[in-house]
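In the UniProt record's numbering, the protein residues as written are 1 to 454.
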């Protein structure tokens, strides 16, 4: 059996990044072509808990699942019981007759089978319809068409026991013209937004990524606070702290950024937040006047901007290696009629690849031959052109390599020396404060008492 290509949730060789990448490229192309793109983000109400059991057996058989496996799943769900725990104790056991098992490794695949069969008559090809489990995005070039498709989805789902959440369903228009209006669902206006958090990544109607960068910084601080007990502990070495940071904090800050093109100011925001976290973890401040390179070297953490560049190049290589039917490759090759507005072109994620390739600090884990293949693929695409002079600059003899996660033992001794100096200065400051307090007590209390006695 096969699940439709529109489903990205819990499918092999698919992830949230694939859907985010395809949606961002689609929005960029419609923005550059000065054409409207209408997107409706549909969310189902308690999707896992509303799947009818009879509908599940029907969808499994229709998808071609062997009858013996259907009976095994039926046996798993036949005697399912549960209790509710409250402040005064637990309720009596009762039978669960609807929905999928929570926490089961099989439930996501069963839900994908159900969604595949329920949407068979209404879904369109990617990227006009994309699904990640119960998160659905419907795109169209006209508001009337996307409203019609939304109503068809609602009817197809609700007649089989599912329900669309009106409060969580949102509408967004890219490159909106005057008087485009809103979308209605069963006579009610769908909430219209200028930004939407799609699969954990914030997409904006103007195609920018400023809000997403701020969310990534916030997510990084949230992850840092969760492990602050480890990062603040002076008994733990800087090497272990750096490993915890690279494992817990950095992935939260990098999530989804391989699909966007960052400005220098936005890249600086990420690196400033990263250095604050590393300085707090190592117990130093800016007053200690320790260079950023020493901080990164001690924590074994390279520049975050270079990591974003590597992720963009890795994403592009991943797209180029996939088959021609892959949604990301089809988005890159798609051509739209229309002309962009006058002036400097707006930043696009794919147009940054040549600059990423030539940035010497992003070459730590990427071979020159890989970069040449990237340039060859880009030259074959109508989306961007690389000059011959630029390609000649990729000569390995002209490149300066810089190891990303560099580590120098001398950095640890420098930090320890600075830390010792800081402690001595702190002790001297405390001693001076105590001496000043003692002098104040003598002048204010002792001297008047002695004067009165005399």
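Think of the CB as a built atom: it goes at the ideal place given N, C-alpha and C, for glycine as much as any other residue.
Quick caveat, the model's predicted, so the values are computed rather than measured.
Cα-Cα separation between residue i and residue j, rounded to whole angstroms
| i | j | result |
| --- | --- | --- |
| residue 216 | residue 80 | 41 Å |
| residue 302 | residue 163 | 47 Å |
| residue 37 | residue 25 | 12 Å |
| residue 152 | residue 311 | 38 Å |
| residue 433 | residue 232 | 27 Å |
| residue 259 | residue 319 | 12 Å |
| residue 30 | residue 211 | 20 Å |
| residue 96 | residue 83 | 10 Å |
| residue 18 | residue 424 | 54 Å |
| residue 47 | residue 280 | 42 Å |
| residue 316 | residue 325 | 15 Å |
| residue 342 | residue 185 | 37 Å |
| residue 69 | residue 196 | 39 Å |
| residue 322 | residue 13 | 10 Å |
| residue 108 | residue 336 | 36 Å |
| residue 446 | residue 229 | 46 Å |
| residue 383 | residue 333 | Annotation note: pLDDT 37 at residue 383 (below 50); position unreliable, coordinate value reported separately. Cα to Cα, the separation comes out at about 8 Å. |
| residue 442 | residue 218 | 51 Å |
| residue 236 | residue 426 | 22 Å |
| residue 331 | residue 285 | 46 Å |
| residue 105 | residue 238 | 38 Å |
| residue 309 | residue 247 | 19 Å |
| residue 101 | residue 73 | 11 Å |
| residue 435 | residue 287 | 25 Å |
| residue 120 | residue 172 | 25 Å |
| residue 444 | residue 431 | 20 Å |
| residue 263 | residue 2 | 41 Å |
| residue 234 | residue 438 | 33 Å |
| residue 523 | residue 85 | With the chain covering 1 to 454 only, the question about residue 523 has no answer from this structure. |
| residue 338 | residue 128 | 19 Å |
| residue 148 | residue 92 | 46 Å |
Selection from the options that minimises the alpha carbon distance to residue i
| i | options | result |
| --- | --- | --- |
| residue 265 | 214, 150, 202 | 214 |
| residue 143 | 259, 176, 135 | 176 |
| residue 65 | 30, 426, 337, 113 | 113 |
| residue 206 | 287, 39, 67 | 39 |
| residue 256 | 323, 431, 209, 124 | 209 |
| residue 16 | 435, 94, 201, 448 | 201 |
Supposed contact pair residue j and residue i - C-beta distance, whole angstroms, cut 8 Å
| i | j | result |
| --- | --- | --- |
| residue 241 | residue 299 | 6 Å |
| residue 99 | residue 50 | 6 Å |
| residue 347 | residue 261 | 4 Å |
| residue 249 | residue 223 | 5 Å |
| residue 44 | residue 167 | The pair is not a contact, with the Cβ atoms about 12 Å apart (cut-off 8 Å). |
| residue 77 | residue 53 | 6 Å |
| residue 146 | residue 136 | Residue 146 to residue 136, Cβ: 12 Å. No contact. |
| residue 55 | residue 160 | 6 Å |
| residue 278 | residue 296 | 7 Å |
| residue 170 | residue 191 | 5 Å |
C-beta contact flag for residue i and residue j at 8 Å
| i | j | result |
| --- | --- | --- |
| residue 42 | residue 150 | yes |
| residue 182 | residue 189 | yes |
| residue 118 | residue 156 | yes |
| residue 270 | residue 305 | yes |
| residue 220 | residue 252 | yes |
| residue 328 | residue 10 | no |
| residue 116 | residue 63 | yes |
| residue 7 | residue 131 | yes |
| residue 140 | residue 5 | no |
| residue 23 | residue 203 | yes |
| residue 340 | residue 75 | no |
| residue 27 | residue 174 | yes |
| residue 313 | residue 292 | no |
Beta-bridge pairing of residue i - partner residues as DSSP gives them
| i | result |
| --- | --- |
| residue 43 | 135 |
| residue 196 | 203 |
| residue 94 | 82 |
| residue 166 | Per DSSP, none; premise fails for residue 166. |
| residue 174 | 37 |
| residue 52 | 98 |
| residue 191 | 170 |
| residue 7 | 131 |
| residue 185 | 188 |
| residue 107 | Its beta-bridge partners do not exist; DSSP assigns none. |
Below-8 Å beta-carbon distance, residue i vs any chain C residue
| i | result |
| --- | --- |
| residue 55 | Among the chains of the structure shown, chain C does not appear; only one protein chain is present. |
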